[in-house]
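Residue 1913 in this note's numbering sits at position 478 of the sequence shown, and the numbers go up by one each step.
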Amino acid sequence: MPPGPETTARDEAEGLRARPADPAEPHEPQEPGSAPPPAAPGAPPARRPGRLRRLAAALRHDWPATLLAALAGLVLVPAFPPYDLWPLSLVAVAALSLLTRGRSARRGGWLGFVAGVPFFLGLLAWLRVIGWDATIGLAIIQAAFFIPLGAGLAATARLRAWPLWAACLWVGEELLRGRVPFGGFPWGRLAFANTDTPFTPLAALGGAPLVTFAVALTGALLAWAGLRLWALHRARLLAPRTALPALGGAGLALAVGAVGYAVPVGTAAADTVRVAIVQGNVQQAGMDFLGRPMMILNNHVEATLELADDVEAGRVERPELVLWPENASDLDPYRRPEAYAAIDRAVRAVGVPVLIGALVDHPTREGYVENQGIVWDPETGPGDSYTKQHPVPFGEYVPFRDQLSKVITRLDRVPRDFWPGEHSGVLDVGPARLGDVICFEVAYDGIVRDTVNEGARALVVQTNNATYGETGQPEQQLAMSQLRAVEHGRAVVTVATSGISAVVRPDGSIEQRTEEFTQDVLTTELPLRDQRTVADRVGAAPEWSLALAGLLAWLWTGAAPRLRRRPAAERSREAGPAEREE
1436 MPPGPETTAR DEAEGLRARP ADPAEPHEPQ EPGSAPPPAA PGAPPARRPG
1486 RLRRLAAALR HDWPATLLAA LAGLVLVPAF PPYDLWPLSL VAVAALSLLT
1536 RGRSARRGGW LGFVAGVPFF LGLLAWLRVI GWDATIGLAI IQAAFFIPLG
1586 AGLAATARLR AWPLWAACLW VGEELLRGRV PFGGFPWGRL AFANTDTPFT
1636 PLAALGGAPL VTFAVALTGA LLAWAGLRLW ALHRARLLAP RTALPALGGA
1686 GLALAVGAVG YAVPVGTAAA DTVRVAIVQG NVQQAGMDFL GRPMMILNNH
1736 VEATLELADD VEAGRVERPE LVLWPENASD LDPYRRPEAY AAIDRAVRAV
1786 GVPVLIGALV DHPTREGYVE NQGIVWDPET GPGDSYTKQH PVPFGEYVPF
1836 RDQLSKVITR LDRVPRDFWP GEHSGVLDVG PARLGDVICF EVAYDGIVRD
1886 TVNEGARALV VQTNNATYGE TGQPEQQLAM SQLRAVEHGR AVVTVATSGI
1936 SAVVRPDGSI EQRTEEFTQD VLTTELPLRD QRTVADRVGA APEWSLALAG
1986 LLAWLWTGAA PRLRRRPAAE RSREAGPAER EE
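See below:
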């Protein structure tokens, strides 16, 4: 980390005393809309411009930076799946660090928001299946979290070691966005763009937050090195000797990126289990993927019966358990005899336990439904189950339904609210103790971590991405499974109704995967592991610690100038007698 306050390029070359201000930091003129100089005595008070006029003046004054911030947000989009150009995540972090540097917190917040809007519009474009208004609305809400990020970047850029504080602020932004409102929406974390990169092994030490921290620190260090080199170039002092500090910063950035190679990733299996993954497919993509009742269920029954025939004919080795995806049964098998009979026929035919995904009516709360994974035994029928803990707001339940449904008629397409489960998804499925995670829950650190800590030897992500098929969303979710595999040292099976179903090894590599909108069955020897990673043991502590460090650094930027301005006499009065004698 570059030590000490920033110095001018000429001071570095001549070995002179450091100046307090950074030469690479542009001089900031008086901000449009800020307080004017005092009026002359007797003159009428100046009228303060309106808020909209002040905003327009600020935009006119700062339009190049606003445009560049929007471009930085756009650059971040292809860092994520399905494009996977992960080095662009470093470029975007560096760009936002440079753009907010030397600006007020208010302008930094504006530039953060401007970067966030195009980023989330591009990242969440798969929501267009529901409607572009939903896409734009969610993108703006998510971009609002970049306002404190940008403001914090601008404020802490005046501190020593500012790349460190910048990285902490990125972690803090993701911590907040992943928890509020309505339980948060963690999509778009820097870690999820780096699920197969040199940074990925760091997940085994500190989870997704540590990966985000390392990516942001690398990008900010590259920005620091670029600033130093630019300052030397402008001062015409660029030479090997004077460029050493900047090259050192760039080298430190490379070191942060390479440190992941030194992190051991556990892959040795304590045991294995032979698993079959059934992707039954749907009749159509989009909001109406379910079609007629029983259509999706019959697809999965049919694929399982074909698997049973292949086993009996000796074409396929008999699995020890079978996995079905989320919503494989769109009817409650406990209340609909035809659904129960179809599932039971398929399970008895294959002759091993099957993890079924089904929508189940809540047993005591009329009008509510539960999204469950149910262990179905060929001899005893349905047994243990897991209920999804984190239903998706506006997708699986409607907050403030009575009020919002009067003005947003589209919410009627969510006729019943999903009821959340209250325990983790550790289930004994045949000979394997698996951890069930349903769909978007894979994005939430705590849900997956709790499942592993409570004994899951491998993870299953039951998902239904049929609504968002061929939009890039399934690839984004599969990348999260890759990160979770490394974070927890567990194999992860993603089983989807229409794709992408996949087998991810404990090192994050994809062993097998299906194509979208095909009926397919995958079989594999799934490794089972008992050893927990450091990330499992430390939990959320790294995330909260890094976020708190960034917040304290930001608060210090406001407190330090006031402390320096305190008169010497006041400090003397507050000092004790012994201090005054000294």
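For each residue, glycine too, the CB sits at the ideal point set by N, CA and C.
Computed from a predicted model, the values in this text were never measured in an experiment.
Distance between I1571 and D1765 (C-alpha atoms, nearest Å): Within the model, the alpha-carbon separation for D1765 versus I1571 is close to 30 Å.
When we look at the beta-carbon of E1805 and count the other beta-carbons within 10 Å, is it buried (16 or more) or exposed? The residue in question, E1805, is buried, as its Cβ has 16 or more Cβ neighbours within 10 Å.
Do D1767 and P1788 come within 7 Å of each other at the CB atom, strictly closer than that value? No. Outside cutoff.
With H, G and I counted as helix, E and B as strand and the rest as coil, what does DSSP make of E1741? helix
Integer-rounded CB distance, given that A1639 should sit under 8 Å from V2030: For the chain, the structure presents residues 1436 to 2017; residue 2030 sits outside this window and is missing.
D1745 and V1751: beta carbons closer than 7 Å? yes
For the region 1501-1517 and the region 1949-1968, state whether three or more C-beta atom pairs, one from each stretch, are separated by less than 8 Å. With the cut-off at 8 Å, the region 1501-1517 and the region 1949-1968 do not touch.
Going by DSSP, what residue range makes up the alpha helix (DSSP H) through P1772? P1772 to V1785
Could you have a look at R1851 and say whether DSSP puts it in helix, strand or coil? Three-state result, R1851: coil.
Bridge partners - W1811, DSSP secondary structure assignment: V1789 and P1817
For a quick check, are the C-beta atoms of V1927 and V1939 less than 7 Å apart? yes
Relative to the C-alpha of A1626, which residue among G1641, V1615 and F1617 is closest? G1641
Check each candidate in R1848, H1735 and G1881 and name the one with the smallest Cα separation from E1831. R1848
Run of the alpha helix (DSSP H) containing L1846, from where it starts to where it stops: L1846 -> no alpha helix (DSSP H), and no H or E assigned at all.
DSSP three-state label for V1606, please. Reduced to three states, the DSSP call for V1606 is helix.
Measuring CB to CB, does A1975 end up less than 7 Å from T1630? no
Would you check if the region 1570-1588 and the region 1540-1553 touch, i.e. whether three or more CB-CB distances between them fall below 8 Å? Inter-segment contact for the region 1540-1553 and the region 1570-1588 is present: three or more beta-carbon pairs are separated by less than 8 Å.
Examine the Cβ distances between the region 1890-1907 and the region 1958-1968 and report whether three or more of them are shorter than 8 Å. yes
Where does K2020 land, buried or exposed, given buried means 16+ other C-beta within 10 angstroms? As shown, the chain starts at 1436 and ends at 2017. That puts residue 2020 outside it, with no answer to give.
Contact the region 1872-1881 vs the region 1816-1830: 3+ CB pairs below 8 Å: yes
Examine the Cβ distances between the region 1556-1571 and the region 1521-1532 and report whether three or more of them are shorter than 8 Å. no
Spatial neighbours of H1735 within its chain, please: C-beta separation below 7 Å, excluding the five flanking residues on both sides. Cβ-Cβ distances below 7 Å link H1735 to V1713, G1715, W1759 and A1763 in the same chain, with the five nearest sequence neighbours on each side left out; the list follows chain order.
S1859: which of L1846, L1839 and N1888 sits nearest, CA to CA? N1888
Using three-state DSSP, classify A1975 as helix, strand or coil. coil
Identity of the residue in E1857, T1902 and L1740 nearest D2024 by Cα: Outside the modelled stretch of the chain, which goes from 1436 to 2017, sits residue 2024, for which no answer is possible.
Rounded separation between A1931 and A1601 - CA only: A direct Cα-to-Cα measurement between A1931 and A1601 gives close to 38 Å.
So what does N1899 bridge to, in DSSP terms? According to the DSSP secondary-structure assignment, N1899 is paired through a beta bridge with no residue.
Distance between T1992 and S1933 (C-alpha atoms, nearest Å): The alpha-carbon of S1933 is positioned some 51 Å away from that of T1992.
Please list the terminal residues of the continuous alpha helix (DSSP H) segment that includes G1485. Taken as a continuous stretch (DSSP letters only), G1485 belongs to no alpha helix (DSSP H), as it is neither H nor E.
G1508 versus A1578, D1519, V1564 and L1588, residue with shortest Cα-Cα distance: For G1508, the nearest C-alpha among the options comes from A1578.
Taking DSSP as the reference, what is the three-state secondary structure of S1764? The answer is strand: DSSP assigns S1764 an E or B state.
Identify whether P1962 lies in helix, strand or coil by the three-state DSSP scheme. strand
Inside the region 1601-1678 only - alpha helix (DSSP H) runs reaching at least 4 residues: 1638-1669
DSSP has I1873 in a bridge; who is on the other side? Q1897
Report, in whole angstroms, the separation of the C-beta atoms of D1863 and H1923, which I expect to be a contact under 8 Å. That pair is no contact at about 19 Å.
May I have the straight-line CA-CA distance separating P1598 from V1646, to the nearest angstrom? 15 Å
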